[in-house]
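Working notes for the structure below.
There are 2 protein chains.
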Amino acid sequence: MRQFLVVGHEAPTDPGFSLDDLPGAGRLDLLARSVTSAFLLSHGIRKAVRCRLVLADEFTVRFEGRELRNLRPDERSTAALVRTALEARENAVGSIPAEAAPGVYIHRQGVVGALEAAAGEGTLLQLHEDGEPANEVELPADPVFVLSDHQDFSEGEDELLAERGARRVRLGPEALHADQAVTVAHNWLDTEGWTAF
Amino acid sequence: MRQFLVVGHEAPTDPGFSLDDLPGAGRLDLLARSVTSAFLLSHGIRKAVRCRLVLADEFTVRFEGRELRNLRPDERSTAALVRTALEARENAVGSIPAEAAPGVYIHRQGVVGALEAAAGEGTLLQLHEDGEPANEVELPADPVFVLSDHQDFSEGEDELLAERGARRVRLGPEALHADQAVTVAHNWLDTEGWTAF
């Protein structure tokens, strides 16, 4: 399984945001695109994918490729799914998530909790400008790509990732948006390290 | 210079569409994402890029990286730029384009006209599932990537591209959305064919 964990530092934790101004809603435009990039192909969905969005270190919305039914490619409808998840936030109690829509779960979980859950399920790869070139890194069987939104990872987040053995990987010489990095990461895996097209 | 030409078969040619339903406006969500993927990096813009959106074989909106000032990463604001271009459509007369915003031009030009203009400026590459594997194709100096929206190229478009010597290239084993393909194409070039990270 391929996983993506995107840290949304300023993402909303309250459903009362406007779908007409997603950049103003803690860059939910970028987070929504990261989710669609994680799952959508031209004519279908990547089922063996899990994606977590950490919202302002307070909630985590988890998307499951095998269960998703309402994911469409545009930012607005995906942001609406995040809003639906936040509308169910009071049903997420302690470590028990709430299912807000098919394949969309909300957890009362910040960066530490989301990262611990993901680290138990695969190999952490931190997409980072200073990482090892991806073409020199062996493809892990169950990669968990960890990305930051428009802000850099905080020092605390960098430490957390280092403690959990995250490997830093660079996908190219240019610093990409998180959603673009998700797309390139998939291409890296799809082509078995750019060898099989 | 890198160029992208995206054929929007059902794209609006009238500015009277709603920014609240971009998928319903001839998949303008996808076209807007293709434009932002062509230009935006994490902290800046790719200046040496030109992108053309062909709208329903009637108008072409041309974006110039060196001149763009108002391109933001979200779909809605980019779709609003397309709307601004369409509001200026009556000023595009014959072969003379109208500048609707800094770096945003509208031409009275369909697929044939846009393709002829682009073909004179570089090497045509048709991103196509049946193309040659990108890792076996030599990087052209001035690539012009030609992509289709959610629909396949029509037979007529395929013929036009073949007549103009377009080379078919495959970026991986999965069929990607146009905007994702733009991102991977950039990564191919950024890394000099996935050799330089």
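Going line by line, the protein sequences match chains A and B. The first sequence begins at 1 in this note's numbering and counts up one residue at a time. The second sequence begins at 1001 in this note's numbering and counts up one residue at a time. From the three backbone atoms N, C-alpha and C, an ideal C-beta is built for every residue, glycine too.
A1017 of chain B in three-state terms, based on DSSP:
The question names Ala, but residue 1017 of chain B is Phe in the sequence shown. The answer is coil: DSSP assigns F1017 of chain B none of H, G, I, E or B.
Alpha carbon to alpha carbon, how far is L19 of chain A from D1179 of chain B?
Approximately 22 Å, taken between the alpha carbons.
Using the C-alpha atoms, what's the distance from T123 of chain A back to W188 of chain A?
Distance between the alpha carbons of W188 of chain A and T123 of chain A: 16 Å.
From the beta carbon of E1138 of chain B, is the nearest beta carbon of chain A less than 8 Å away?
no
Closer than 8 Å to chain B by CB, G172 of chain A
Contact of G172 of chain A with chain B is assigned, a C-beta pair being separated by under 8 Å.
Which residue or residues does DSSP assign as beta-bridge partners of E129 of chain A?
None; E129 of chain A has no bridge partner.
Please go through the segment 1102-1154 of chain B and give each complete beta strand (DSSP E) segment of 3 or more residues, from N-terminal end onward.
1104-1107, 1123-1133 and 1143-1148
Report yes or no: is there a C-beta of chain A within less than 8 Å of the C-beta of V1006 of chain B?
Closer than 8 Å to the CB of V1006 of chain B there is not a single CB belonging to chain A.
Which of the three DSSP states, helix, strand or coil, is assigned to G172 of chain A?
coil
Supposed close pair T1060 of chain B, G1120 of chain B - CB separation, criterion 8 Å
With 8 Å as the limit, T1060 of chain B and G1120 of chain B do not qualify as a contact, their Cβ atoms being about 14 Å apart.
Would you call the CB atoms of A1185 of chain B and L1127 of chain B closer than 8 Å?
yes
Along chain B, in chain order, which residues have C-beta atoms closer than 9 Å to that of S18 of chain A?
Going along chain B, no residue has its Cβ under 9 Å from S18 of chain A, so there is no contact; the nearest lies around 11 Å.
Please classify S148 of chain A as buried or exposed, where buried requires at least 16 neighbouring CB atoms within 10 angstroms.
buried
With a cut-off of 8 Å, does the C-beta of F1063 of chain B fall near any C-beta of chain A?
Cβ-Cβ to chain A under 8 Å: no for F1063 of chain B.
Give a yes or no on whether the minimum CB-CB distance between Q1180 of chain B and chain A is below 8 Å.
Taking 8 Å as the threshold, the shortest C-beta distance from Q1180 of chain B to chain A falls below it.
My guess is that G131 of chain A and T1191 of chain B are in contact by the Cβ rule of under 8 Å, so how many angstroms apart are they, rounded?
No, G131 of chain A and T1191 of chain B are not in contact; Cβ-Cβ is about 14 Å, not under 8 Å.
For F1004 of chain B, which residues does DSSP report across the bridge?
B:C1051 and B:F1145
Secondary structure at A1181 of chain B, three-state DSSP: helix, strand or coil?
Looking at A1181 of chain B - three-state DSSP - the assignment turns out to be helix.
Can you pull the chain A residues whose beta carbon is under 7 Å from the beta carbon of T1183 of chain B, in chain order?
Within 7 Å Cβ-Cβ: Q180, T183 and V184.
Cα-Cα, which of B:R1108, B:H1177, B:E1136 and B:R1002 is closest to E1090 of chain B?
B:R1108
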